[in-house]
Each structure stands twice: as structure tokens, then as C-alpha cells.
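Undergrad:
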Amino acid sequence: LKPGYVITSRGCPNRKCWFCSVPKREGNQVRELPITWGTNVLDDNLLACSEQPIRAVFAMLNRQEHRPVFTGGLEAARLRPWHVDLLRECRAKKMYFAYDTPDDLPPLIEAGKLLRDGGIPQNHHRACCYVLIGYRGDTMSAAEKRLRDTWAAGFVPYAMLYRDESGKVNDEWRRFQ
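Taking this note's numbering, the leading residue of the sequence shown gets 4, the next gets one more, and so forth.
(1) Would you kindly work out how many angstroms separate the C-alpha atoms of Tyr165 and Pro6, rounded to a whole number?
(2) Does the beta-carbon distance from Leu36 to Thr11 come in below 7 Å?
(3) Just mark Ala145 as buried or exposed, buried being the case when its beta carbon has 16 or more other beta carbons within 10 Å.
(4) Find the nearest neighbour of Arg70 within the set Gly121, His86, Arg94, judged by alpha-carbon distance.
(5) Can you round the beta-carbon distance between Glu78 and Asn48 to whole angstroms, since I take them to be within the 8 Å contact cut?
(6) Let's test the definition: count the other Cβ atoms within 10 Å of the Cβ of Met98 and tell me whether it reaches 16, buried, or not, exposed.
(7) For the alpha helix (DSSP H) holding Leu108, just list the boundary residues, first then last.
(8) Can you list, in chain order, the residues of its chain whose CB lies under 6 Å from that of Ala101, leaving out five sequence neighbours each side?
(9) Can you tell me where the beta strand (DSSP E) with Pro84 in it begins and where it stops?
(10) Can you tell which of Arg28, Phe158, Tyr138, Glu168 has the C-alpha that lies nearest to the C-alpha of Arg177?
(11) When you compare each of Thr42, Leu135, Gln125, Leu4 to Val159 by their alpha carbons, which one comes out closest?
(12) Tell me, to the nearest whole angstrom, how far the beta carbon of Asn43 is from that of Val72; I am working on the premise that it is less than 8 Å.
(13) So, with DSSP's three-state summary, where would you put Leu135?
(14) Take Gly115 as the anchor and find which of Thr104, Leu82, Pro105 has the nearest alpha-carbon.
(15) Should Ala62 go down as buried or exposed, given a rule of 16 or more other Cβ atoms within 10 Å for buried?
(16) With distances taken Cα to Cα, identify the nearest neighbour of Asp174 among Met143, Ala80, Glu113.
(17) Among Asn17, Val60, Lys19, Gln32, which residue has its Cα nearest to the Cα of Tyr8?
(18) In the DSSP assignment, the alpha helix (DSSP H) including Lys148 goes from what residue to what residue?
(19) When we look at the beta-carbon of Arg149 and count the other beta-carbons within 10 Å, is it buried (16 or more) or exposed?
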């Protein structure tokens with residue numbers, strides 16, 4: 004890993020994500036790892052960890068001069084008010100959530116409300132969201148709606164272009180992205 008990057012857990016308990024390689028690569032159990040120094044948290048699903056390791060990660064982040072970034076992603080459905088308190092207290096520079104399937108929208112809307120109620124306003128552009136686009140059966144109008152819904156929920160949307168197992172992407176979708 005590059006200096007400053009840290010992984011404090013691997014794996015994800017979510018088993019039904021057809022687009023995700025984490026369960027194949029890391030397993031469907033969360034493994035909590037020793038916490039090392041860093042400010043770019045790359046965990047597969049940090050919020051799936053138990054409370055004590057999560058609090059230990061934030062304690063480590065609070066001892067550093069640089070503001071942390073959560074590029075590994077935070078699962079909106081698992082976000083709780085105490086997580087928001089920790090994110091605010093550590094002055095998170097960026098935090099990334101995901102909107103991959105239609106059932107991700109209601110938790111994303113709730114997460115946006117929790118962040119705003121917890122003192123992390125939308126206009127600071129700290130809360131971001133990867134939005135999966137271009138998968139089989141997707142349309143550009145549906146993808147645009149998901150991107151707009153993401154903004155309305157309080158997140159800066161990032162269109163994440165689906166790649167099949169061979170790594171191929173559609174050129175029209177690339178231009179749309």
C-alpha cells in the first residue's frame with residue numbers, strides 16, 4: 004500500500020451483491036485486522052465491524068494531523084448516529100458510500116439525513132457516493148435518475164461504470180460516465 008493507506012478489516016457479510024468481487028476475494032465474513040497508521044481507510048465494509056474496532060480506527064485517525072478519507076466505502080444501511088459523531092469528530096475530508104442496486108436508495112436517503120442532522124452539511128461536498136451504471140439492463144435515463152437521486156439524498160454522485168468479468172465497457176456508457 005502507499006504511505007497513508009490503511010486497511011483495518013477485510014470481507015463483507017453481504018452475500019447477494021451480484022456485481023461485487025469482495026465475497027469471492029475476501030470471503031463473506033468480516034475479518035478485523037490490527038490497526039496500523041494511515042489516513043486513507045480502504046476497508047471493504049468498515050461499518051460491518053463490531054463497535055470496539057470501529058472506535059479504535061477513529062481513535063487512530065483522531066491522533067493524526069491530516070484529515071481522513073474513507074475511499075473503501077461506508078455502507079449507508081449500516082450507518083448509525085454514533086458513526087456520524089465519529090465522522091464529524093475526525094473531520095473526515097471525504098467519505099464514500101455506494102448506490103449499486105435500487106434497494107440502496109432508501110438507506111442512502113436515511114444516511115444523508117443522519118449526516119446532515121449530525122452536523123455534516125451537503126454543501127461541504129464531504130459525503131460522496133459511487134453510483135453503479137452501465138450494467139446489463141441499465142438505461143441512461145435510469146442511470147441519470149439514480150445520479151440525480153443521489154444528489155437529492157445529500158451526496159456528490161460519482162458514476163461508476165460497470166465492467167464485466169473481462170473488463171470490457173460499452174463506449175456509449177463511457178461517454179455518458
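Even for Gly, the Cβ is constructed at its ideal location relative to N, Cα and C.
TA: For this structure:
(1) The alpha-carbon of Tyr165 is positioned some 29 Å away from that of Pro6.
(2) Annotated as proximal: Leu36 and Thr11, with beta-carbon spacing under 7 Å.
(3) It counts as exposed.
(4) Nearest of Gly121, His86, Arg94 to Arg70, Cα basis: Arg94.
(5) That belief holds up - the Cβ atoms of Glu78 and Asn48 are roughly 6 Å apart, short of 8 Å.
(6) Under a 10 Å Cβ-count criterion, Met98 is classified as buried, with 16 or more other Cβ atoms of the shown protein chains found around its own Cβ.
(7) Element bounds for Leu108: 108–120.
(8) The beta carbon of Ala101 is closer than 6 Å to those of Gly76, Tyr133 in its chain, skipping five residues each way along the sequence.
(9) Element bounds for Pro84: not the beta strand (DSSP E) but the alpha helix (DSSP H), 84–92.
(10) Considering only Arg28, Phe158, Tyr138, Glu168, the residue with the shortest C-alpha distance to Arg177 is Tyr138.
(11) Of the listed residues, the one whose Cα sits closest to Val159 is Gln125.
(12) Rounded, the Cβ-Cβ distance is 5 Å, consistent with contact.
(13) Correct three-state label for Leu135: strand.
(14) Looking at Thr104, Leu82, Pro105, the one whose alpha-carbon comes closest to that of Gly115 is Leu82.
(15) Looking at its Cβ environment, which holds fewer than 16 other Cβ atoms inside 10 Å, Ala62 is exposed.
(16) Here the closest residue by C-alpha is Met143.
(17) Tyr8 has its Cα closest to that of Val60, out of Asn17, Val60, Lys19, Gln32.
(18) If you look at Lys148, you'll find it in the alpha helix (DSSP H) that goes 143–155.
(19) With 16 or more other Cβ atoms within 10 Å, it is buried.
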